[in-house]
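Accompanying notes for the structure given below.
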Amino acid sequence: MTGSTREQKLYCWDCLLFGVDSGSWAKDGYSDLGSLSKSAHRHQNASGHLRATIRLKTFGDTRIELQLDVQQRRGVIIHNEKVKRNQGILKRLINCVVYLGKQELPFRGHDESVTSSNKGNYIELLDLVAEYDSDLHTHLATSTVFNGPSSRIQNDLISAVASVMTDSMKEELRKAHFVAVMLDETTDISNVAQMSYVLRYVTDDGIKERFFKYEDVTEDKRAEAIATRLLEFLRESGCIDKVVAQCYDGAAVMASGLNGVQAKVKETIPQALFIHCYAHILNLVLSKGASKIRECKVFEHIVDHHTEFDDETVHCSDGYITLLTSFDFSFWLKTFHAIFSYSDVVFQILQNKGFDMQFCLARVDQLQRQIEQEKGNFDSVYDETQALVGPPRGRGAQGDVRALYSELHCSVIDSLLTQISNRFSDHKKLEFLALLDPQQFGHYCNYFPTAALNSFMESYVGYFDQPRLHTELAVMYGMSDILGKSPADIHQFLLKKGLSESMKQVYTLSCIILTIPVSTASVERSFSALKRIKSYSRKRE
Numbered sequence: 001m002t003g004s005t006r007e008q009k010l011y012c013w014d015c016l017l018f019g020v021d022s023g024s025w026a027k028d029g030y031s032d033l034g035s036l037s038k039s040a041h042r043h044q045n046a047s048g049h050l051r052a053t054i055r056l057k058t059f060g061d062t063r064i065e066l067q068l069d070v071q072q073r074r075g076v077i078i079h080n081e082k083v084k085r086n087q088g089i090l091k092r093l094i095n096c097v098v099y100l101g102k103q104e105l106p107f108r109g110h111d112e113s114v115t116s117s118n119k120g121n122y123i124e125l126l127d128l129v130a131e132y133d134s135d136l137h138t139h140l141a142t143s144t145v146f147n148g149p150s151s152r153i154q155n156d157l158i159s160a161v162a163s164v165m166t167d168s169m170k171e172e173l174r175k176a177h178f179v180a181v182m183l184d185e186t187t188d189i190s191n192v193a194q195m196s197y198v199l200r201y202v203t204d205d206g207i208k209e210r211f212f213k214y215e216d217v218t219e220d221k222r223a224e225a226i227a228t229r230l231l232e233f234l235r236e237s238g239c240i241d242k243v244v245a246q247c248y249d250g251a252a253v254m255a256s257g258l259n260g261v262q263a264k265v266k267e268t269i270p271q272a273l274f275i276h277c278y279a280h281i282l283n284l285v286l287s288k289g290a291s292k293i294r295e296c297k298v299f300e301h302i303v304d305h306h307t308e309f310d311d312e313t314v315h316c317s318d319g320y321i322t323l324l325t326s327f328d329f330s331f332w333l334k335t336f337h338a339i340f341s342y343s344d345v346v347f348q349i350l351q352n353k354g355f356d357m358q359f360c361l362a363r364v365d366q367l368q369r370q371i372e373q374e375k376g377n378f379d380s381v382y383d384e385t386q387a388l389v390g391p392p393r394g395r396g397a398q399g400d401v402r403a404l405y406s407e408l409h410c411s412v413i414d415s416l417l418t419q420i421s422n423r424f425s426d427h428k429k430l431e432f433l434a435l436l437d438p439q440q441f442g443h444y445c446n447y448f449p450t451a452a453l454n455s456f457m458e459s460y461v462g463y464f465d466q467p468r469l470h471t472e473l474a475v476m477y478g479m480s481d482i483l484g485k486s487p488a489d490i491h492q493f494l495l496k497k498g499l500s501e502s503m504k505q506v507y508t509l510s511c512i513i514l515t516i517p518v519s520t521a522s523v524e525r526s527f528s529a530l531k532r533i534k535s536y537s538r539k540r541e
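In UniProt numbering, the protein residues as written are 1 to 541.
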């Protein structure tokens, strides 16, 4: 409805523009305010008004020049069909690129000529698809402008796919509340030191660990240089203000000057909590724990002198057979078999990006208890070994030998327990993880974890309203729907139930806890991909 100040009348806008009658609402105007409601309702239901409304809503959908020129209209239809067909062909080319990338297969062949029996994975895959797709077959046979098999087109498509993936990851980063950075360095097949950058963050779909890039750091691997590169990368990615944790592999820390990186990063990002890769720590626990026992060095002997055990050297072969059937080897094999059966499970957990820190720390504590229990299994280990290979030789009386092995067995267990206590001691700085420990929620209803909350606020005071967080946690601990849920489950529960704003402090807490990484396993996986890429490139040169 519209009105005229000059005429002092009301009009129907739709009918004024596109109406065909000369009724009061269209041409003459309406001025009887006493019957306005009744008359407006009657006009709204009239067929003439409905036709005028449709004309207004569809105005501009039809191009006038096309209505006037039938030939031009036909040309546009043909052009649109060609564009649609070309889009379909391009989609097939892109799908082939994505498939090869997903399967980690090389694109090029050694001989891509027409007469070659194997033109490489990309061209062969296109030819296979073309057998069942007439449009693609015609395009590959006749096209001279956009020839899909050409190396330039392949590179353009690969770059386009990479660009889309990078943009998608940047969009994820933009939406993420917090970010953790994982960094490691390796030397590739061409003797170039490559730094791998992986970022961990939480989205509505769960935890993501994304590889972003490699960087050549051959010229300068000092801690200061690496920290500068890392901070520059974080600024370019637009997430430097979101970083809450940093995780490095201890071996690379010593080899590449990374020991001081975490401290230098904290100078710029004070809240960037440093996590030493827990998978690496567990590996050190087992290796260092065993290396302190002289009798366990038999394992090192096998590794360090493996070249001595060949078919041409009978003496070494006999020695190898003797070693494998000796009491010492069998005894320690049984001892560590039991320990490794526990530690292998924890290794798998620590390298899984889907588990949160609290869950992983609980598994480390469980491993410590399981190793402690192995002290009581000495008799069964000793008796089973003796039944298999006979009694030990050259160690004096039988009773004294059993006591000696008992002492050694306890020494190994104690060494491992000491290593676990020492190397995982820094997890006390993660005391705040107990705030979302699902096993403690019932207890927290009566005894609020004030110490854990205070520890948390010391690290991330700028992100939270402590009184509000205290209130939300107290309410959450009493919710039956939350009882026993892990931080990941809590995060998803708050999202699905629309409580991420109502309980924003707890939701943000769950994001931080899920963002903190446990290990640098994703970085190690990127090195595996780097070695495959470099090896293939070297073979093609």
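Just so you know, even glycine gets a beta-carbon here, dropped at the ideal spot from N, CA and C.
Express the C-alpha separation of Tyr248 and Ala255 in angstroms, rounding to a whole number. Low confidence applies to Ala255: its pLDDT is 37, below 50, so where it sits in the model is not reliable, and the reading given next is rough at best. Distance between the alpha carbons of Ala255 and Tyr248: 12 Å.
Length at least 4, wholly inside the stretch 446-525: the alpha helix (DSSP H) runs in chain order: Secondary structure within the stretch 446-525: the alpha helix (DSSP H) runs of 4 or more consecutive residues, fully enclosed, are 450-460, 466-477, 487-496 and 504-515 (chain order).
Alpha carbon of His79 to alpha carbon of Ile153, nearest angstrom: C-alpha of His79 to C-alpha of Ile153: approximately 23 Å in a straight line.
Excluding the 5 residues flanking Tyr507 on each side, which residues of the same chain have their C-beta closer than 6 Å to its C-beta? If we look at Tyr507 and ignore the five residues flanking it on each side, its Cβ neighbours are Leu494 and Ser500.
Could you pull out every residue in the same chain whose Cβ sits closer than 6 Å to the Cβ of Phe178, ignoring the five residues on either side in sequence? Its chain contains Lys242, Val244, Cys511, Ile512 and Thr515 as the residues whose beta carbon lies nearer than 6 Å to that of Phe178, once the 5 sequence neighbours on both sides are disregarded; these appear in chain order.
Between the C-alpha atoms of Ile420 and Leu90, what's the straight-line distance to the nearest angstrom? The straight-line gap from Cα to Cα measures roughly 56 Å.
In chain order, which alpha helix (DSSP H) runs of at least 4 residues are fully inside the stretch 364-417? Secondary structure remark: continuous alpha helix (DSSP H) runs of at least 4 residues inside the stretch 364-417, in chain order: 378-389.
Could you round the C-beta distance between Val384 and Ala338 to whole angstroms and report it? I think they count as a contact, below 8 Å. The question names Val, yet the displayed sequence has Glu at residue 384. For Glu384 against Ala338, the beta-carbon gap comes to about 11 Å, at or over 8 Å, which does not count as contact.
Using the Cα positions of Lys334 and Leu125, report the straight-line distance between them to the nearest angstrom. Going from the Cα of Lys334 to the Cα of Leu125 covers about 51 Å.
Of the listed residues Ser455, Ser35 and Met1, nearest to Thr53 (C-alpha basis): For Thr53, the nearest C-alpha among the options comes from Met1.
CB contact flag (Cys96, Gly48, <9 Å): By the CB criterion at 9 Å, Cys96 and Gly48 fall outside the cutoff.
Starting from Gly442, trace the alpha helix (DSSP H) in both directions and tell me its first and last residue. Under the DSSP assignment, Gly442 falls in the alpha helix (DSSP H) whose first and last residues are Phe441 to Tyr444.
Taking contact to mean at least 3 C-beta pairs separated by less than 8 Å, is the stretch 206-221 in contact with the stretch 186-198? Enough Cβ pairs lie closer than 8 Å, so yes.
Return the CA-CA distance between Val345 and Val181, expressed in angstroms with no decimal places. Those two C-alpha atoms are separated by around 25 Å.
CB contact flag (Leu473, Leu509, <9 Å): Yes. Within cutoff.
Would Val261 and Gln246 qualify as a contact pair, given that the criterion is a beta-carbon distance under 9 Å? Taking the C-beta atoms as reference points, Gln246 is found nearer than 9 Å to Val261.
Quick check on the DSSP output: the beta strand (DSSP E) that includes Phe211 runs from which residue to which? Unbroken beta strand (DSSP E) run through Phe211: Gly206 to Asp216.
According to DSSP, simplified to helix, strand and coil, what is Gln271? If DSSP states are grouped into helix, strand and coil, Gln271 belongs with coil.
Euclidean distance between Cα positions of Glu267 and Tyr460: Taken atom to atom, the span from the alpha-carbon of Glu267 to that of Tyr460 is near 15 Å.
Is Arg210 closer than 9 Å to Val198 when the C-beta atoms are compared? Yes. Within cutoff.
Could you tell me the boundaries of the alpha helix (DSSP H) in which Gly48 lies? Following the DSSP letters along the chain, one finds Gly48 inside the alpha helix (DSSP H) bounded by residues Ser47 to Lys57.
Under a Cβ-count criterion, where at least 16 other Cβ atoms within 10 Å of its own Cβ denotes burial, should Met165 be classed as buried or exposed? Exposed is the call here.
Take every Cβ of the stretch 135-149, pair it with every Cβ of the stretch 478-487, and state whether three or more of those distances are shorter than 8 Å. As far as the Cβ criterion goes, the stretch 135-149 does not touch the stretch 478-487, which means the pair count is below three.
Contact set for Val98: own chain, Cβ-Cβ below 7 Å, skip 5 residues either direction: Listed in chain order, the non-local C-beta contacts of Val98 below 7 Å within the same chain comprise Val161, local neighbours out to five positions each way being set aside.
Please return the same chain residues whose Cβ sits closer than 6 Å to the Cβ of Arg51, not counting the five positions on each side in sequence. Taken in chain order, the list of residues that qualify is empty.
Where Arg6 falls, given that 16 or more other Cβ within 10 Å makes a residue buried: By the neighbour-count definition (other C-beta atoms within 10 Å, threshold 16), Arg6 is an exposed residue.
State the beta-bridge partners of Glu185 as determined by DSSP. For Glu185, which the question treats as bridged, DSSP gives the partners Met195.
Taking the beta carbon of Arg92 as the centre, do at least 16 other beta carbons fall within 10 Å, making it buried, or is it exposed? In summary, Arg92 is buried, with 16 or more beta-carbon neighbours lying within 10 Å of its beta-carbon over all protein chains present.
Here's the rule I'm using: 16 or more other beta-carbon atoms within 10 Å means buried, otherwise exposed. How should Gln8 be labelled? Within 10 angstroms of the beta-carbon of Gln8 lie fewer than 16 other beta-carbons, which makes it exposed.
On the premise that Leu10 lies in contact with Gly29, defined as a C-beta separation below 8 Å, what is that separation, rounded to the nearest angstrom? That belief holds up - the Cβ atoms of Gly29 and Leu10 are roughly 6 Å apart, short of 8 Å.
Tell me which same chain residues have a C-beta within less than 6 Å of the C-beta of Asp400, skipping the five on either side of it? Nothing meets the Cβ criterion.
Rounded to the nearest angstrom, what separates Cys410 and Arg363 at their Cα positions? Going from the Cα of Cys410 to the Cα of Arg363 covers about 22 Å.
Can you tell me where the beta strand (DSSP E) with Gln103 in it begins and where it stops? Membership of Gln103 in any beta strand (DSSP E) is not indicated, and neither H nor E is assigned to it by DSSP.
By how many angstroms is the C-alpha of Gln348 removed from the C-alpha of Cys445? Their backbone Cα atoms lie some 33 Å apart in a straight line.
Pick from Leu17, Lys38, Arg42 and Gln44: whose alpha carbon is nearest that of Phe59? Residue nearest to Phe59 within the set Leu17, Lys38, Arg42 and Gln44 is Leu17 (criterion: CA-CA distance).
What is the rounded straight-line gap between the Cα of Leu128 and the Cα of Leu105? Approximately 16 Å, taken between the alpha carbons.
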